[in-house]
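This report concerns only the one structure given below.
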Amino acid sequence: MVTVTLEGRGDLTEWREAARTLLLARTEPRMIDWRCRNGAVDDLFGPAAEAPQAPNTAAASVPAVTVPKAFLSLAQAVICHSDPLRFQLLYRILFRLQRERTLLQVLSDADVAQLHAMEKSVRRDCHKMTAFVRFKEIDAEQGYARRRFLAWFEPDHHIVARAAPFFQRRFTDMDWIIATPKGTAAWDGDALTISTEPAANPMLVDSTDRLWQTYFSNIFNPARLKVKMMMTEMPKKYWKNLPEAELIPGLIAGAEASVVAMAERAASEAPLFHQRLQALARAEPDIVQASAGTLEELREEARHCTRCPLHCSATQTVFGEGPQDARIMIVGEQPGDQEDLAGRPFVGPAGAVFNTAAQEAGLDRKETYVTNAVKHFKYEPRGKRRIHQKPNVGEVQHCKWWLTRELALIKPKLVVAMGSTALMALTDSRQRLADLRGEMLQLSHGQLLLVTVHPAYLLRIPDEGRRLEEMARFRSDIARAASFGRQAMSHPAVEWRVPATGDIKPSIGVG
Ligand code: URA
Numbered sequence: 001m002v003t004v005t006l007e008g009r010g011d012l013t014e015w016r017e018a019a020r021t022l023l024l025a026r027t028e029p030r031m032i033d034w035r036c037r038n039g040a041v042d043d044l045f046g047p048a049a050e051a052p053q054a055p056n057t058a059a060a061s062v063p064a065v066t067v068p069k070a071f072l073s074l075a076q077a078v079i080c081h082s083d084p085l086r087f088q089l090l091y092r093i094l095f096r097l098q099r100e101r102t103l104l105q106v107l108s109d110a111d112v113a114q115l116h117a118m119e120k121s122v123r124r125d126c127h128k129m130t131a132f133v134r135f136k137e138i139d140a141e142q143g144y145a146r147r148r149f150l151a152w153f154e155p156d157h158h159i160v161a162r163a164a165p166f167f168q169r170r171f172t173d174m175d176w177i178i179a180t181p182k183g184t185a186a187w188d189g190d191a192l193t194i195s196t197e198p199a200a201n202p203m204l205v206d207s208t209d210r211l212w213q214t215y216f217s218n219i220f221n222p223a224r225l226k227v228k229m230m231m232t233e234m235p236k237k238y239w240k241n242l243p244e245a246e247l248i249p250g251l252i253a254g255a256e257a258s259v260v261a262m263a264e265r266a267a268s269e270a271p272l273f274h275q276r277l278q279a280l281a282r283a284e285p286d287i288v289q290a291s292a293g294t295l296e297e298l299r300e301e302a303r304h305c306t307r308c309p310l311h312c313s314a315t316q317t318v319f320g321e322g323p324q325d326a327r328i329m330i331v332g333e334q335p336g337d338q339e340d341l342a343g344r345p346f347v348g349p350a351g352a353v354f355n356t357a358a359q360e361a362g363l364d365r366k367e368t369y370v371t372n373a374v375k376h377f378k379y380e381p382r383g384k385r386r387i388h389q390k391p392n393v394g395e396v397q398h399c400k401w402w403l404t405r406e407l408a409l410i411k412p413k414l415v416v417a418m419g420s421t422a423l424m425a426l427t428d429s430r431q432r433l434a435d436l437r438g439e440m441l442q443l444s445h446g447q448l449l450l451v452t453v454h455p456a457y458l459l460r461i462p463d464e465g466r467r468l469e470e471m472a473r474f475r476s477d478i479a480r481a482a483s484f485g486r487q488a489m490s491h492p493a494v495e496w497r498v499p500a501t502g503d504i505k506p507s508i509g510v511g
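Numbering of the sequence shown is given in my numbering, commencing with residue 1 and proceeding in unit increments.
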C-alpha cells in the first residue's frame, strides 16, 4: 500500500505530480491510500501514517502520461471539492483513461457520473460565492487612496482561488479581501494574493446591510412568491452571512397580506394626487422657445413640455437630476408610477435596484446625473391602476430634444444606457441590446457609452437563479461605470483608460 498525503486545498498541481509518479510506476488505484495533511477540515482519516512516498519509477521506459483535455478541466474543478475521496476518484479515472481513451464520454459509468456530480457541486459553489459575497467597507476614515472592503463567505469547497478572478475583474479599483474558513483572497490593485489558511469571521456590520435589506424588500414580489424555488436558489446555509436574509421569514409570512394591501394602495391615492399636481403644473404659462443655458433653466422649460401627447396623462415632467458637472450620466427609459408622483427619476422599485448596485460599486448618486430617455410616464389605466407602457419610437424621438440638451450641458465622460429605449434614444440605432451589452462604445460627440439592461427587467425575471445571475452582471456593469468615473475624477486632464475588458467600439451616432 502506498500512502500519499496532500494539502488538499484545491491545488491540482500537487495531486498531479503525485498521480503522474504513481501512474508511471503503474500503481493500481486500489493500492493507494490518499490522505489530507494534518488537521485539514475534510481529513477523514486523521494524520498520515506514512510520509508521502515516491513509488518505484522506471520512467525512462514508460510512455508519457497523456489525458484528454476534458479530463484536465474537470480535474481542475473536482480537486476543489471537499470530499476526501476526490483524489482516489481522479486517480482511478486517470488510470482507466490510459486504456479506455473514450471513458469520459460514457456518462453512465459510475466514476464518470461521480466526476461530473462533483464538478457541478464545485461550479454551483463558485456561482453562489459570486452571488452571495457581501462586501463591507473598512477603514473608511483612514484616508487611504483606494476604498477598502472586506467580505466573509463560507464555501462548501476549496474554491477561493478558483472564484477570486471573478472579483478581481469586477472590483478592480478597490482593495478587497474575501475571507473564508477555506482561505482568503486579497486584491490591492496590483496583485491577487491567495492564502489557503482558514480565516476567522470578522463579524462586520455596516450601513450597506440596511441597503441590502431595502433592496431585497423592494425586489421581493409577494405576488410571485415561490418558496421552494427561493429556498433552492438561496439555501438557508447562506442566510447567516446575508444581511437581507433576516427579512425573508417575515416577508414570506406577510406575502398574502402584502398582495391585498398592494391592490388596495394602487386603487386609491394615485389618481387624486396626480390630478392635483397636474393642475399645478398647467397653471404656469407655456414657454415655447427653449433657450436654456443652465440645467436649471432647461429643467424649468421641460416642466411645461407639450411636445408629445404623453404630457396629457402624466402627472408632471420627471426631469433628470444630478450636478451639471457630473462625469457619469445614467439614462433609463421613462419614469414609472412612483417617479411620476414624486417628480424624480428612479425612486421606485427599479430605482432601488439601481441605487443598491450603485452604492455597492461606490458610485455616488449625488455626483451622478440620472435621467430618462422619455420624461413623462406613459401608462394604461387598468381599473384604478396605472400600468406601465413602453414608449414608442415617435415618443422617444420627440423627447430626445431634452436628452440631447442634457448631454450638451453636462458633457459627461461616460453615459450608461440602461435598457433598449435608452440605447435607441442615445444612438438612434435599433441594434439588439444583447449584442452591445457590457460594451464600451463611443458616441459621436466623444463620450463613451456603456450599455446594460434596465433594472426593471431584472425585477421581472421569474426564475430566481437567472435573476441572481443577471443581477450579478448588472452590478458588475455598474461597478465598471463607477470604476471609470473614479479614474476620470483622479485624472481629469488625462486620457482615461477604460477598465476591464471593454474595447472601445467605433463611433455610433447620437442624433
Ligand atoms: N424606470 C426608468 O426607466 N426610469 C425611472 O425613473 C424609473 C423607472
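Think of the CB as a built atom: it goes at the ideal place given N, C-alpha and C, for glycine as much as any other residue.
Please state whether DSSP places residue i in a helix, a strand or coil.
i: residue 175; result: strand
i: residue 2; result: strand
i: residue 234; result: coil
i: residue 7; result: coil
i: residue 294; result: coil
i: residue 289; result: Residue confidence for residue 289 is low, a pLDDT of 45 falling below 50, so the modelled location carries little weight; the figure read from the coordinates is stated next. Here residue 289 sits in coil by DSSP.
i: residue 79; result: coil
i: residue 386; result: strand
i: residue 98; result: coil
i: residue 57; result: In this predicted model, residue 57 has a pLDDT of only 45, less than 50, meaning its place in the structure is not dependable enough to derive any value.
i: residue 128; result: helix
i: residue 418; result: strand
i: residue 112; result: helix
i: residue 138; result: strand
i: residue 85; result: coil
i: residue 49; result: At residue 49, the pLDDT of 38 sits below 50, so the modelled position is not reliable; the number obtained from the coordinates is stated separately. Looking at residue 49 - three-state DSSP - the assignment turns out to be coil, as it is neither helix nor strand.
i: residue 43; result: In this prediction, residue 43 scores a pLDDT of 38, lower than 50, which makes its location untrustworthy; the coordinate-derived value is nonetheless stated afterwards. Three-state result, residue 43: coil.
i: residue 465; result: helix
i: residue 381; result: strand
i: residue 451; result: strand
i: residue 122; result: helix
i: residue 226; result: coil
i: residue 429; result: coil
i: residue 413; result: coil
i: residue 167; result: helix
Relative to the C-alpha of residue i, which residue among the options is closest?
i: residue 183; options: 426, 203, 160; result: 160
i: residue 307; options: 398, 105, 367, 64; result: 398
i: residue 118; options: 100, 88, 6; result: 88
i: residue 447; options: 432, 458, 417, 456; result: 417
i: residue 101; options: 129, 85, 68; result: 68
i: residue 367; options: 373, 355, 395; result: 355
i: residue 337; options: 330, 298, 387; result: 387
i: residue 390; options: 369, 422, 470, 253; result: 422
i: residue 180; options: 150, 105, 94; result: 150
i: residue 457; options: 373, 428, 349; result: 349
i: residue 7; options: 74, 65, 28, 80; result: 80
i: residue 203; options: 395, 214, 195, 241; result: 241
i: residue 75; options: 122, 30, 108, 64; result: 122
i: residue 372; options: 332, 212, 363, 29; result: 332
i: residue 459; options: 353, 381, 477; result: 353
i: residue 190; options: 173, 200, 197; result: 173
Tell me, please, which residues DSSP counts as bridged to residue i.
i: residue 33; result: 3
i: residue 332; result: 372
i: residue 180; result: 183
i: residue 321; result: 370
Where do the N-terminal and C-terminal ends of the beta strand (DSSP E) with residue i fall, by residue?
i: residue 147; result: That residue, residue 147, is in no beta strand (DSSP E); it is neither H nor E in DSSP.
i: residue 195; result: 192-195
Over the uninterrupted alpha helix (DSSP H) stretch that includes residue i, give me the two end residues.
i: residue 17; result: 12-24
i: residue 248; result: 248-253
i: residue 439; result: Here residue 439 belongs to no alpha helix (DSSP H), and DSSP marks it neither H nor E.
i: residue 339; result: 337-342
i: residue 239; result: Counting along the chain, residue 239 falls outside any alpha helix (DSSP H), and DSSP gives it neither H nor E.
i: residue 214; result: 207-219
i: residue 353; result: 349-361
i: residue 403; result: 393-410
i: residue 311; result: 310-313
Neighbourhood of ligand 1 [Cβ distance below 5 Å to any heavy atom], ordered by chain position | With 5 Å as the limit between CB and the heavy atoms of ligand 1, the residues that fall short of it are 332, 333, 335, 336, 339, 345, 346, 350, 372.
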